[in-house]
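Right, one structure below, let's go through it.
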Amino acid sequence: MPPKDAAKDAGGPIQLENTAKRDFLQKLEKESQEFWAQQNVFDVNAPTQDDGLVDMTPDEVRAKYPKWFGTFPYAYMNGSLHLGHAFSLSKVEFAAGYERMQGKRALFPWAFHCTGMPIRAAADKLVREIELFGEDFSGYKDPADEAEEEAAPQPPAPTENTSSATKTNAAKATKGKLAGKDTGLKYQFQIMLNSGVPKDEIKKFADANYWLSYFPPIAKADCTAFGSRIDWRRAFITTDANPYYDSFVRWQMNKLRAMNKIKFGERYTIYSPKDGQPCMDHDRSDGEGLGPQEYTGLKMELVQWGALAAPELDAKLQGKNVYFVAATLRPETMYGQTNCYVGPTIDYGAFQINDTDVYICTERAARNMAFQGTTKERGQVHALATVKGSQLIGTKIKAPFGLYPEVYVLPMESVLATKGTGVVTSVPSDSPDDYATLMDLRKKAEYFKIDPQWAAFEPIPVIRTPAYGDMTAETLVKQLKIQSAKDKNQLAEAKELAYKEGFYNGTMLVGTYKGQPVQEAKNKVRDEMIKANLAFAYAEPEGKIISRSADECVVALCDQWYMDYGEESWKAQASKLVAQMNTFSPEVKNAFEGTLDWLKQWACARSYGLGSKLPWDPQYLVESLSDSTIYMSYYTVAHHLQGGVPNGSKVGPIGIKAEELTDEIWDYILGDAAFPTDTTVPKEKAEVLRREFRYFYPFDLRSSGKDLIPNHLTFCVYVHSALFPEHRWPQAIRANGHLMLNGKKMSKSTGNSLSLRQSVEKFGADATRLSLADAGDGIEDANFEEKTANANILRLHTLIEWCAEVVANKDKLRSGAKDSFWDKSFENQINNLTQLTNEAYAKALYKDATKFGFYELQTARDLYREATSDIGMHVDLVLRWIRTQALLITPIAPHFAEHVWRNSLGETTSIQTARWPEPSAPVDNSITEALAYVSGTVKTVRDAEILLTKKSKGKQAAATPVKYNERAPKECRMFVAKNFPEWQDKCVSVVQAHYDTATGSFDDKAIREQLAKDGMLKDKKVMNFIVTFKKRIADFGAQTAFNRLLPFNEVETLRAASGYFKKSMNFQQITIYSIEDDKAQYEALDVDPKVLETAEPGQPSFTFLNIEA
1 MPPKDAAKDA GGPIQLENTA KRDFLQKLEK ESQEFWAQQN VFDVNAPTQD DGLVDMTPDE
61 VRAKYPKWFG TFPYAYMNGS LHLGHAFSLS KVEFAAGYER MQGKRALFPW AFHCTGMPIR
121 AAADKLVREI ELFGEDFSGY KDPADEAEEE AAPQPPAPTE NTSSATKTNA AKATKGKLAG
181 KDTGLKYQFQ IMLNSGVPKD EIKKFADANY WLSYFPPIAK ADCTAFGSRI DWRRAFITTD
241 ANPYYDSFVR WQMNKLRAMN KIKFGERYTI YSPKDGQPCM DHDRSDGEGL GPQEYTGLKM
301 ELVQWGALAA PELDAKLQGK NVYFVAATLR PETMYGQTNC YVGPTIDYGA FQINDTDVYI
361 CTERAARNMA FQGTTKERGQ VHALATVKGS QLIGTKIKAP FGLYPEVYVL PMESVLATKG
421 TGVVTSVPSD SPDDYATLMD LRKKAEYFKI DPQWAAFEPI PVIRTPAYGD MTAETLVKQL
481 KIQSAKDKNQ LAEAKELAYK EGFYNGTMLV GTYKGQPVQE AKNKVRDEMI KANLAFAYAE
541 PEGKIISRSA DECVVALCDQ WYMDYGEESW KAQASKLVAQ MNTFSPEVKN AFEGTLDWLK
601 QWACARSYGL GSKLPWDPQY LVESLSDSTI YMSYYTVAHH LQGGVPNGSK VGPIGIKAEE
661 LTDEIWDYIL GDAAFPTDTT VPKEKAEVLR REFRYFYPFD LRSSGKDLIP NHLTFCVYVH
721 SALFPEHRWP QAIRANGHLM LNGKKMSKST GNSLSLRQSV EKFGADATRL SLADAGDGIE
781 DANFEEKTAN ANILRLHTLI EWCAEVVANK DKLRSGAKDS FWDKSFENQI NNLTQLTNEA
841 YAKALYKDAT KFGFYELQTA RDLYREATSD IGMHVDLVLR WIRTQALLIT PIAPHFAEHV
901 WRNSLGETTS IQTARWPEPS APVDNSITEA LAYVSGTVKT VRDAEILLTK KSKGKQAAAT
961 PVKYNERAPK ECRMFVAKNF PEWQDKCVSV VQAHYDTATG SFDDKAIREQ LAKDGMLKDK
1021 KVMNFIVTFK KRIADFGAQT AFNRLLPFNE VETLRAASGY FKKSMNFQQI TIYSIEDDKA
1081 QYEALDVDPK VLETAEPGQP SFTFLNIEA
């Protein structure tokens, strides 16, 4: 197994002191990769045009030639792949390797996503920066240096590039995504320098199209160095820069619109009131990439003004319905309101909403509401009065849905005027900030100038979570040792933990939806509140957005094209797909179902960025999540159309031009439409594409991070359910957690980060792959431990040397019959571990696959090597072990496997084409149990000897009749019993007589009465035995428990293993006696009767003594 101290010692990145072994492995990895490339082993073709197959149906073809098709979301091409990409990708990579060994045509394609705003926004930033500083950015002056009147320095030097120096793009920009949020850098050219892009090349990135040719080769090189089984002939880039993919996206959008899945109507958008139009990214001087944030606006009706507010507001708002308005992201928690918070120093307004209603909030929030249909006149904000937050304290208001119907307004210093409405509803059971502030107010009521009664409402449990119980906020505040509301960093962490745990794992404790998961109840509560006129939909920008005209933007309702997700009939189809699909865990299925419950309309068009133009409204581009829903189907024909040219600039092998790919042709290729009569595409070519698609589709697996379930993966489900018949629906989607590094969140700012390339260069591909497999398989966050990766370097290197040495000296190994106990046990272990590893791969449990097929397989070899040191290992078994080891780990560590396969075992073809090993015989459970018995006996003997040694040396030494020295020559006598003690047999008979096999239950009362009747109940050991025996029934089943015979001959097994006992425990002599059969031999030895009494079948007893040397 991997080093047990890895998690305990988790820390920052480690430094490798000696890299010779790693360098050796990397040399072998490059050799394997070159061999695979020469052999084109990962180019997977459909057999649809082979002789005799043209007239067969897709099902018939697949029955003869099984297939497997796995996909991983294409990464965005504004930087290099990080290790988190590799973690998700590895799930498909390992599966592809395993499925190949099952005799399937396993297809793993990949492509490059370029659609959307980030590339365009970054390019536009560079345009502005070139205008400011020149093409070489020499005009940039560091503000700190300017202040000191020093000479203008060059821009910050890039961090040392760990990539190998080559003349290709593949050696450049290898530090991950080009984003400044983790680096603290202000300008785009600085970010690119920091990411390893050469300074003289940065100016080229001002052309957005340059990104599309620069980063894809880097991604391809990184995946190749990782050893990925990707069919690169099928690679492509997105956007209209690729005319082939562009035609596919236009067909998809036209088809969805024709099915009434795309509609036109009001949607939230960023809007400049000054300019009177939407403000897209390219129109902004600040706030690129930010979008609308949707809230629930909670209406808390005024009951009574506080003493300071009444003189200022009572007369001005007489006759109006006054509401304090809070913006919340958690409407489901509103049952637990204990008060409401305002910022004491914030300026609030009383804004006229309509003829009767007045809202108390910030001017900024009212301005947003005015463009969302909330106010009587669009865009008009009319303040009837203004007031400081400190004057509102002590005001009594109603708490919509609150179990406390009326609460008070209290001060909170951390309320922001730039986020939400400035009014914060307080739920201290589930919000750490609310809880910490409430506790502060209670402790220092006089300091905060409040009446203690205003803060006297106790927190009410609203949501139960597995991690934090019924009072999430209180639990987290105590766990993180938060002392007050001033502990901002800890509170920020607590807030994130509380929200995630509550949303993903919480269950409602109160309200209409009591007992339902929070994911399901959240939007139901919101809808119920809005329907009752206690709340309304409210949105605002995610952050400050300034237009080029220097206007602060708002969120407005504007007409847009959108996907009608959530429409009932479409939702029903999508739900049916999810119900049929393998999600590998109930958590993932629940996440899909929860998303389907809340997901509604989604804007599918943007006016800025890169992408395909909306066919019927070309002023818009198809947005990045809407052109990425069914592109998996495009992989099936991409190699014919593009031939591995990512941008589709050349006509592919099949000879079809992009402009010939009309909607009608795509309907024929990917659907069931008749062949169009007005096409220039020859029918036989279209038929090739159609049969290729029908052979590989549907995809068998899509692997992704769990953060894509609420968007991309659910969109994928929706659109597949709309465009394809059921037999083409996705078969399986798995979602994994995020990847931590050394037990901590990956972060560039802290230095705890690693790109895919950096990991492969630091540890090698196979050591990286083994560590990714060992990181975890569930939806919870996984951990890549660098110490594990480093240890795997040594393990792989040592194993390669051992295999080479054994094969070179195989003539010196034992041959002939394989009939010793250890031969049989080793062969049975190989068979058992082969079976267990196969089961783990089949269930996509790669941590278990490495456990059984790598670590435990080597442990089995180590035991066999040690146990047969006197007679030697058998050549056939050792060579079979080497072959099995190479095959079992091929999906995960293919370079190691390839080297052993061809260099040690002398095979001429690639191990990538080898089949899964067949066991030499069915697993013999009696041999398995016998080996486990021997291993257990070794531990029992050691423990017993240690106890005797302590007695001989400790306080009980005087009472010990015989001194024992474990370092002197010694003998162990083992006493084996055939039969259980009579009292135990009686206990078993009583339990069996009162056991119901149908229900698996015991009649405990009858058992006690029978034991009492037989006079056994007074003996304490009887009830202890009964309890232990019941547990054995629960663990192993009634039949096994009641049949107490061992499946092997205990005496023969111990005698066969006695040589191992001697060597492993340093005994000069091991003597084994059968208590029933060898009485004459041990009677004269003066054996303590208690020793004989304690022996039971499967549990021998022991005596230890020193002997003459």
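Numbering (UniProt numbering), first residue to last: 1 to 1109. Ideal Cβ positions, reconstructed from N, Cα and C, are used throughout, including at glycine.
When the options are compared against residue i, the one with the closest alpha-carbon
i	options	result
aspartate 55	Arg691, Arg942, Ala37, Asp848	Arg691
arginine 967	Thr890, His895, Phe1048, Glu1108	Glu1108
histidine 727	Met581, Met77, Ala122, Phe112	Met581
asparagine 505	Glu520, Arg814, Ala842	Glu520
methionine 529	Ala399, Ala75, Pro653, Ser429	Ala399
asparagine 354	Asp222, Thr362, Ala366, Val991	Ala366
arginine 526	His720, Ala537, Gln516	Ala537
arginine 250	His639, Ala455, Glu664, Pro922	Glu664
arginine 62	Ala46, Glu552, Tyr74	Ala46
phenylalanine 324	Asn78, Pro311, Leu302	Leu302
aspartate 564	Leu641, Ala722, Ile545	Ala722
serine 512	Phe592, Gly402, Tyr408, Glu971	It is threonine, not serine, that sits at residue 512 in the sequence shown. Measuring from the Cα of threonine 512, the nearest candidate turns out to be Gly402.
glycine 1098	Ala106, Thr421, Ala75, Ser935	Ser935
leucine 689	Ala473, Asp678, Trp666	Trp666
Cβ pair residue i, residue j closer than 9 Å
i	j	result
residue 1110	alanine 735	Here the chain covers residues 1 to 1109 and nothing more, so residue 1110 does not appear.
residue 1116	serine 815	A query on residue 1116 cannot be resolved here, the shown segment of the chain reaching from 1 to 1109 and no further.
glutamine 858	glutamine 829	no
leucine 887	glutamate 856	no
proline 698	phenylalanine 715	no
residue 1119	glutamine 372	Nothing about residue 1119 can be reported from this structure: the residues present for the chain run from 1 to 1109 only.
glycine 853	alanine 844	no
cysteine 987	phenylalanine 1042	no
glycine 97	arginine 229	yes
glycine 297	threonine 374	yes
histidine 383	glutamine 352	It is worth fixing the name first, because residue 383 is alanine in this sequence and not histidine. A contact, by the Cβ cut-off of 9 Å.
Cut-off 8 Å between Cβ atoms - residues of its own chain near residue i, not counting five sequence neighbours on either side
i	result
glutamate 1096	Ala977, Phe980, Pro981, Gln984
threonine 798	none
Backbone secondary structure at residue i - three-state DSSP
i	result
proline 922	coil
tryptophan 729	coil
cysteine 604	coil
asparagine 582	strand
histidine 899	helix
methionine 77	coil
asparagine 783	strand
threonine 238	coil
proline 58	helix
aspartate 314	coil
histidine 874	strand
threonine 997	coil
cysteine 716	helix
phenylalanine 675	coil
According to DSSP, residues forming a beta bridge with residue i
i	result
glutamine 352	Val358
proline 917	None; proline 917 has no bridge partner.
asparagine 1106	Lys970
glutamine 1069	Glu971
tyrosine 140	Tyrosine 140 is not bridged to any residue.
arginine 734	Ser703
glutamate 540	Gln293
Same chain, Cβ closer than 7 Å to residue i, five either side skipped, listed in chain order
i	result
histidine 867	The amino acid occupying residue 867 in the given sequence is alanine; histidine does not appear at that position. Contacts found: Trp822, Tyr1060.
proline 919	Asn831, Thr834, Gln835
Residue-level contact to chain B via CB, residue i, 9 Å cutoff
i	result
tryptophan 110	Absent from the structure: chain B. Only one protein chain is present.
Nonlocal neighbours in the same chain, by C-beta distance under 6 Å from residue i, ignoring five residues either side
i	result
alanine 485	Ala436, Thr437, Asp440
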